[in-house]
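Undergrad: Please read through the structure below; I'll follow up with questions.
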Ligand code: DAH
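Numbering (our numbering), first residue to last: 2 to 343.
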């Protein structure tokens with residue numbers, strides 16, 4: 002084919018292909034295909050050398066015209082396609098920055114956690130620091146180190162979940178007392194929140210799983226008066242300055258003397274109601290002077306040091322405080338219940 006015909010054919014082919022080209026990417030390839038170093042336009046230049054010397058200037062001009070024409074087609078189309086592509090992308094990705102956001106529903110703290118935080122806030126403010134102990138512990142830390150006689154009924158399989166003859170789920174946070182006395186030297190002034198487990202029948206008032214906070218203070222010259230004053234102060238801060246308290250003698254192997262502390266029923270103010278079982282009083286904690294045997298077990302000399310300890314159940318407190326009819330509600334995760342504690 003004559004070179005001039007080839008030029009025309011190429012122009013025609015290019016225009017046909019250009020019509021089919023929709024994206025800037027395809028257009029770039031089309032440009033490379035026709036105008037690249039090994040493309041047909043470059044080939045024409047090579048072929049030009051084989052033509053008659055007389056025709057060459059004229060044909061060379063035609064080829065150059067073709068080249069410029071194809072280039073300007075490409076550039077114009079590219080600008081048009083790019084702006085179309087941008088419009089499309091803009092339409093696709095458009096967002097209304099003035100739309101109001103979607104409301105995120107925040108969770109809230111569990112009522113037991115709320116109660117625990119209140120208690121810890123007060124005790125930390127009174128100079129106690131927080132110590133944690135293991136939920137799974139040995140018989141020694143849960144019982145023996147706390148002066149439980151080998152045949153004490155609390156060791157009975159009825160009350161304790163044993164994992165092996167020596168390993169158990171702690172039945173109270175008092176185990177932390179033993180750990181702390183082993184690793185710290187007096188003065189010791191700590192509180193220990195945590196989970197406890199007891200193998201009991203689940204009912205409205207008792208559960209196999211609950212929480213306690215334990216407290217211990219050991220130093221030289223700590224007296225029963227210190228214990229009473231600290232409990233008064235703590236309870237006043239927790240339930241309100243004016244709440245009346247009552248200290249009753251009681252028995253726990255790890256304290257001597259031991260006592261239980263009651264407060265005037267916060268619901269009926271002592272008149273007698275369902276919550277206080279018509280006694281006018283609510284039992285809120287157990288306490289006492291740390292038994293000399295417990296100190297000795299931890300190599301603390303009871304002739305030099307004395308101390309007091311106390312422990313209380315968080316669910317029990319929350320039940321009284323919020324007037325909750327059934328302890329099982331804490332673990333059922335019913336939002337209608339939980340949402341009431343904001
Ligand atoms: N550990 C006891 C219980 O679970 C509570 C208790 C009573 C803790 C007297 C004490 C204490 O530290 O001195 O019922």
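Glycine included, C-beta positions come from ideal geometry on N, C-alpha and C. These numbers were taken from a predicted model, which means no experiment stands behind them.
Does the beta-carbon of residue 316 have 16 or more other beta-carbons within 10 angstroms, so that it is buried, or is it exposed?
TA: buried
Undergrad: Take residue 10 and list the residues in its own chain whose beta-carbon comes closer than 8 Å to its own, dropping the five residues that flank it on each side.
TA: 2
Undergrad: Just to confirm the assignment, what range does the beta strand (DSSP E) spanning residue 307 have?
TA: 306-314
Undergrad: With DSSP as the reference, please indicate the residues paired to residue 194 in a beta bridge.
TA: 214
Undergrad: Rounded to whole angstroms, what is the Cα-Cα separation between residue 286 and residue 196?
TA: 16 Å
Undergrad: Provide the residue(s) that pair with residue 79 in DSSP beta bridges, ordered along the chain.
TA: DSSP output for residue 79 lists no bridge partner at all.
Undergrad: Contact check, residue 296 vs residue 306 under 8 Å by CB: the rounded distance?
TA: 6 Å
Undergrad: Is it right to say residue 55 is buried, meaning 16 or more other beta carbons lie within 10 angstroms of its own, or is it exposed?
TA: exposed
Undergrad: Could you tell me the alpha carbon to alpha carbon distance between residue 328 and residue 321, rounded to whole angstroms?
TA: 11 Å
Undergrad: Hey, would you say the C-beta of residue 132 is under 8 Å away from at least one heavy atom of the ligand DAH?
TA: Checking every heavy atom of the ligand DAH against the Cβ of residue 132, none is found closer than 8 Å.
Undergrad: Thinking just about the alpha-carbon of each residue, which of 147, 137 and 326 is nearest to the one in residue 169?
TA: Comparing Cα positions, the closest option is 137.
Undergrad: Leaving aside the five residues before and after residue 221 along the sequence, list all residues of the same chain whose C-beta is less than 7 Å from its C-beta, in chain order.
TA: 305 and 306
Undergrad: Would you call the CB atoms of residue 45 and residue 7 closer than 9 Å?
TA: Yes, Cβ-Cβ distance for residue 45 and residue 7 is below 9 Å.
Undergrad: Does at least one heavy atom of the ligand DAH sit under 8 Å from the Cβ of residue 174?
TA: yes
Undergrad: If we count the other Cβ atoms within 10 Å of its Cβ and call it buried at 16 or more, is residue 1 buried or exposed?
TA: This structure gives no information on residue 1, because the portion of the chain shown stretches from 2 to 343.
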